[in-house]
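A.B. asks: Numbering (this note's numbering), first residue to last: 277 to 470.
Yeah, the Cβ is synthetic: ideal placement off N, Cα and C, and Gly gets one too.
Source: prediction; values computed, not measured.
If you scroll down you'll find the structure; I have some questions about it.
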Ligand SMILES: Nc1ncnc2c1ncn2[C@@H]1O[C@H](COP(=O)(O)OP(=O)(O)O)[C@@H](O)[C@H]1O
Ligand SMILES: [Mg+2]
């Protein structure tokens, strides 16, 4: 089944696996860091902590990965919008918890292995929350888009790693505002009743 196609790649779901086929100009070059060592670190980190799907096969124009079971942060947020502000705040806190647990494990892995593995395209679409079908367990942040994972290209972890904290900030401020509005309305109602 074709999932997505753009000028860079075609993503298909075949026999329970995700296959990303890269087009000319976007192939995975060895000199860009796409090496066996790169793949081994991704699979090692994935095996230990469950935050990455396994790379089953890769070469210049193809990346075959196992399927991540769960829902993306985008889907999780969309569902959350339908619930009360209080529930949205709880969901947001949970999302942050999954994210920082992942970051904590990634930093631990990098320290222990004296390497610098980072994901350069962390966003709400590329971060999943696993469900019970994920063999590493439910409620873990699992990253997809593994061609955005870099090994030892950037040696100093930064901006963290590499999901702009401003994105969380914006969501947090929006929820804070909604909660304040709700509290003000409740206060107004109580005053009106007096
Ligand atoms: N390993 C995977 N498990 C589950 N879904 C995946 C996986 N890899 C890709 N997908 C699906 O394919 C879509 C595009 O894949 P992605 O690698 O993020 O491509 P792009 O570089 O275009 O963002 C994702 O949003 C997701 O729906
Ligand atoms: Mg993506």
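From the DSSP output, which residues share a beta bridge with residue 425?
C.D. replies: Partner(s): 395.
A.B. asks: Go to residue 328, then tell me how far its beta strand (DSSP E) extends in each direction, as first and last residue.
C.D. replies: Careful: residue 328 lies outside any beta strand (DSSP E) and carries neither H nor E.
A.B. asks: Mind reading off the beta-carbon distance from residue 420 to residue 402? Whole number of angstroms is fine, and I expect it under 8 angstroms.
C.D. replies: The Cβ separation is near 5 angstroms, so the contact holds.
A.B. asks: From residue 423 to residue 452, what distance separates their C-alpha atoms?
C.D. replies: Approximately 35 angstroms between the Cα atoms of the pair.
A.B. asks: Considering residue 347, what are the terminal residues of the beta strand (DSSP E) in which it resides?
C.D. replies: Where residue 347 is concerned, the enclosing beta strand (DSSP E) stretches over 346-348.
A.B. asks: Identify which residue in 360, 344, 305 has its Cα closest to the Cα of residue 337.
C.D. replies: It is 305 whose Cα lies nearest to the Cα of residue 337.
A.B. asks: Short of 8 angstroms in beta carbon distance, which residues of its chain neighbour residue 335, apart from the five on each side in sequence? Order them along the chain.
C.D. replies: 304.
A.B. asks: Tell me the residue span of the beta strand (DSSP E) that contains residue 285.
C.D. replies: Segment 285-290, the beta strand (DSSP E) holding residue 285.
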